[in-house]
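K.L.:
In my numbering, the protein residues as written are 47 to 647.
(1) Going by the beta-carbon positions, is the gap between residue 559 and residue 631 smaller than 8 angstroms?
(2) Looking at the structure shown, is residue 183 part of a helix, part of a strand, or coil, going by DSSP?
(3) Under a Cβ-count criterion, where at least 16 other Cβ atoms within 10 Å of its own Cβ denotes burial, should residue 470 be classed as buried or exposed?
(4) Got a sec, what are the start and stop residues for the beta strand (DSSP E) residue 623 sits in?
(5) In terms of alpha-carbon separation, which member of 473, 359, 344 and 336 lies closest to residue 676?
(6) With 16 other CB atoms within 10 Å as the buried threshold, where does residue 407 fall?
(7) In angstroms with no decimal places, state the Cα-to-Cα distance between residue 616 and residue 573.
(8) Within the continuous beta strand (DSSP E) that includes residue 464, where are the two ends?
(9) Can you tell me whether DSSP reads residue 123 as helix, strand or coil?
(10) Near residue 202, what residues of its chain come up, given a Cβ to Cβ distance below 8 angstroms and the 5 sequence neighbours on each side ignored?
(11) Taking the straight line between their C-alpha atoms, what separation do you get for residue 246 and residue 114?
(12) For residue 104, which beta-bridge partners are listed by DSSP?
(13) Starting from the C-beta of residue 155, find all residues in its chain whose C-beta is less than 7 angstroms away, skip the five residues before and the five after it, and write them out in chain order.
(14) Starting from residue 334, follow the alpha helix (DSSP H) in both directions and report where the run begins and ends.
(15) Note down, one range per segment and in chain order, each alpha helix (DSSP H) of at least 4 residues found wholly within the segment 361-412.
(16) Thinking just about the alpha-carbon of each residue, which of 441, 392 and 290 is nearest to the one in residue 404?
(17) Spell out a yes or no on whether the segment 633-647 and the segment 322-340 are touching, meaning 3 or more CB-CB pairs, one atom from each, closer than 8 angstroms.
(18) Would residue 85 be called buried (16 or more neighbouring beta carbons within 10 Å of its own) or exposed?
(19) Which residues does DSSP pair with residue 350 in a beta bridge?
(20) Go ahead and label residue 230 buried or exposed: buried means 16 or more other beta carbons lie within 10 angstroms of its beta carbon, across all protein chains shown.
(21) When the Cβ atoms of the segment 375-388 are set against those of the segment 295-311, are three or more pairs found closer than 8 angstroms?
(22) Quickly, what does DSSP pair residue 293 with across the bridge? List them, please.
(23) Grab me the residues of residue 629's own chain with a C-beta within less than 8 angstroms of its C-beta, minus the 5 sequence neighbours each way, in chain order.
(24) I want to know whether the segment 123-133 touches the segment 163-174 - three or more CB-CB distances under 8 angstroms.
(25) State the DSSP-derived secondary structure class of residue 609, mapped to helix, strand or coil.
(26) Taking the Cβ atom as the reference point for each residue, do residue 457 and residue 387 lie within a distance shorter than 8 angstroms?
(27) Tell me, to the nearest whole angstrom, how far the beta carbon of residue 620 is from that of residue 611; I am working on the premise that it is less than 8 angstroms.
(28) Measuring only the C-alpha atoms, how far is residue 582 from residue 561?
(29) Rounding to the nearest angstrom, what Cα-Cα distance links residue 607 and residue 548 in this structure?
(30) So, are the CB atoms of residue 464 and residue 435 less than 8 angstroms apart?
(31) From the DSSP secondary-structure annotation, give me the bridge partner or partners of residue 646.
(32) Does DSSP put residue 450 in a helix, a strand or coil?
(33) Please classify residue 305 as buried or exposed, where buried requires at least 16 other C-beta atoms within 10 Å of its C-beta.
(34) Could you check the C-alpha separation between residue 452 and residue 400 for me, to the nearest Å?
(35) Find the nearest neighbour of residue 291 within the set 282, 321 and 267, judged by alpha-carbon distance.
The structure is reproduced here in structure tokens:
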């Protein structure tokens, strides 16, 4: 355009000079002289001030002589001209006939959908050397959409970046000056995304930061709320963060010795289920707040399916407990609500009565109800049945029946009399609730009170724990593992029992869990390497300790072969055969286990 204006100004000046000469040098009465342009010297192309991608525009092809006079009669004297353009632009016509020039100017229509620099070249028809070239800029059109690039997957609670590019209708990145101030980001997935950085465009591009604390599928939309342009991200999978704690679902009430189901859920810091815990976790120890341990006491990582492990536990002690789940060797944990462990069914009665009494005179006896796990059945008055008292003598026992409601906290105090002067024993039969005529004999263990006169009831209860069951009422000795009978010299607390050894193998390590209930105090251990039978072993010496493992220790492991447990003075040696691979080991102590961690070098 500037080039054309320059030629126009020069032409105007030449015509002014010619007119001035004609006025002063033409003789009076003579005719005017017409000055015509000379031969073609060059071409020029005049373009609009603004050329936008996707919009047609016209350019003027102008023919000039060497004095920059517009050759107004080019249509009569000129030749056909060929015009080309670079880039993705198209023009029509590309061959400009001489007859197309009007007053020295021919018009060409141009369309380019791409924002770019283009070059016009003017040739004589069939020529190869350009007579004229001109470079012009095609700018982007107005914004019509947004292209959003975001990651496919991110972790909950971790900020991530997304790139937003403003585009025109033809895919060109727009210029900042054409963008409105009414562009907003909207969360559109099933979990809400929060924008934590401002939406600022530079060269048509904005990089923003977003975050969410919930798992699921997230997405977001960028929208010009006034002009209507928009764009949407791909679906972004929000995965859980790493383990932070455990959640435990337990029943409110269970029965001693009877399996009950619990659900352990691995959770991240944002209370999302850590569904991939089995791929990186090391498993967790299960601890009871009560006097007895629960079984099993360890849950393997592979037992977590989609972040949840469903287990059947047993507890043999009737008490109120809660469970603590703590990751092996680490601090992540969770606590359950209170579980009421109720006694199981009646197994036997303990009868406490004096050594002698007077015929026909009353004396007091106490009857205590126990289940098979040595739990006193405190709710016998609700769940128990009436009992009948039978004697081995020839006399009459009055009364001979004790109602279940007479038991308070599992103990019934009954005043009875016997009318024969003789020695006799008492047996007990339970009366069936469903079939009152059916009686079931129950084991009775007779005890004597510490004094002839029974102490008050409140002082009697603590003595329940010190009563001893005669040997004949114990379980057969044959069921006790042989090594339990070995007498060892040990500290006053007694030796610690090694009750189980388990193995857990992850992708790059193995965990050997030696279960020793109550090791939090008193147990000492030393570890080291030993060469035995031509093999290398990791040796752990436990003092004081005894072996309670009755089954053979057979493992399939990439790290160890045979496992030996041998008695030593005052304790045990546990040896793990190292397979021919270089490993390092560490030992950690939990509430009821020693954990040996093997990792390859």
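The beta carbon of each residue, even a glycine, is placed where N, CA and C say it ideally should be.
P.N.:
Here's the rundown:
(1) What you label residue 559 is simply residue 513 of the chain shown in a count that begins at 1. What you label residue 631 is simply residue 585 of the chain shown in a count that begins at 1. Against a cut-off of 8 angstroms, the Cβ pair of residue 631 and residue 559 comes out as no contact.
(2) Counted from its first residue, the chain shown places residue 183 at position 137. Residue 183 falls in the strand class under three-state DSSP.
(3) Numbered from its first residue, the chain shown carries residue 470 at position 424. Classification for residue 470: exposed.
(4) Looking up residue 623 in the chain shown gives position 577. Unbroken beta strand (DSSP E) run through residue 623: 617-624.
(5) Since the first residue of the chain shown is 47 and the last is 647, residue 676 is not available in this structure.
(6) Numbered from 1 along the chain shown, position 361 holds the residue referred to as residue 407. By the neighbour-count rule (16 or more Cβ atoms within 10 Å), residue 407 is not buried but exposed.
(7) For the purposes of this step, residue 616 is identified with residue 570 of the chain shown, where counting begins at 1. For the purposes of this step, residue 573 is identified with residue 527 of the chain shown, where counting begins at 1. Approximately 16 angstroms, taken between the alpha carbons.
(8) Taking the first residue of the chain shown as position 1, residue 464 is located at position 418. That run of the beta strand (DSSP E) goes 457-464.
(9) Within the chain shown, numbered from 1, the residue matching residue 123 stands at position 77. Residue state, collapsed to three classes: helix.
(10) The residue you call residue 202 lines up with position 156 of the chain shown. Cβ within range, chain order: 258, 259, 260, 261, 284, 285, 286, 287, 314, 316 and 318.
(11) By one-based count along the chain shown, residue 246 stands at place 200. By one-based count along the chain shown, residue 114 stands at place 68. When rounded, the distance between both Cα atoms is 49 angstroms.
(12) As a working mapping, residue 104 is identified with position 58 in the chain shown. According to DSSP, which records beta bridges pairwise, residue 104 is partnered with 155.
(13) Translated into the one-based positions of the chain shown, residue 155 becomes position 109. For residue 155, where only same-chain residues beyond five positions count, the Cβ hits under 7 angstroms are 102, 104, 137 and 138.
(14) Residue 334 sits at position 288 when you count from the first residue of the chain shown. No alpha helix (DSSP H) contains residue 334, which is instead part of the beta strand (DSSP E) from 330-334.
(15) none
(16) The count along the chain shown starts at 1 and reaches residue 404 at position 358. The shortest C-alpha separation from residue 404 is found at 441.
(17) yes
(18) The residue you call residue 85 lines up with position 39 of the chain shown. Flag for residue 85 reads exposed.
(19) Locating residue 350 in the chain shown gives position 304, counting from the first residue. Answer by DSSP bridge pairing: none, since residue 350 is not bridged.
(20) Along the chain shown, read from residue 1 onward, the residue named residue 230 stands at position 184. Residue 230 should be labelled exposed.
(21) yes
(22) As a working mapping, residue 293 is identified with position 247 in the chain shown. Note: residue 293 sits in a beta bridge opposite 311.
(23) Position 583 of the chain shown, counting from 1, holds the residue named residue 629. Same-chain partners within the cutoff: 605, 644, 645, 646 and 647.
(24) yes
(25) On the chain shown, position 563 is the one that residue 609 refers to. Residue state, collapsed to three classes: strand.
(26) Position 411 of the chain shown, counted from the first residue, corresponds to residue 457. Position 341 of the chain shown, counted from the first residue, corresponds to residue 387. No, the pair does not count as a contact, with Cβ atoms beyond the cut-off.
(27) Translated into the one-based positions of the chain shown, residue 620 becomes position 574. Translated into the one-based positions of the chain shown, residue 611 becomes position 565. The pair is a contact, with the Cβ atoms about 5 angstroms apart (cut-off 8 angstroms).
(28) Against the chain shown, residue 582 aligns to sequence position 536. Against the chain shown, residue 561 aligns to sequence position 515. About 23 angstroms.
(29) Counting from one through the chain shown, the residue named residue 607 turns up at place 561. Counting from one through the chain shown, the residue named residue 548 turns up at place 502. Cα-Cα distance, rounded: 13 angstroms.
(30) Start at 1 with the first residue of the chain shown, and residue 464 comes out as number 418. Start at 1 with the first residue of the chain shown, and residue 435 comes out as number 389. No, Cβ-Cβ distance for residue 464 and residue 435 is not below 8 angstroms.
(31) Numbered from its first residue, the chain shown carries residue 646 at position 600. DSSP, once it has assigned bridges, lists 629 as partnering residue 646.
(32) Residue mapping note: residue 450 aligns to position 404 of the chain shown, counting from 1. Three-state DSSP puts residue 450 in a helix.
(33) Numbered from its first residue, the chain shown carries residue 305 at position 259. Looking at its Cβ environment, which holds fewer than 16 other Cβ atoms inside 10 Å, residue 305 is exposed.
(34) Locating residue 452 in the chain shown gives position 406, where the first residue counts as 1. Locating residue 400 in the chain shown gives position 354, where the first residue counts as 1. Rounded to whole angstroms, residue 452 to residue 400 spans 20 angstroms at the Cα level.
(35) In the chain shown, counting from the first residue as 1, residue 291 sits at position 245. Cα-wise, what sits closest to residue 291 is 321.
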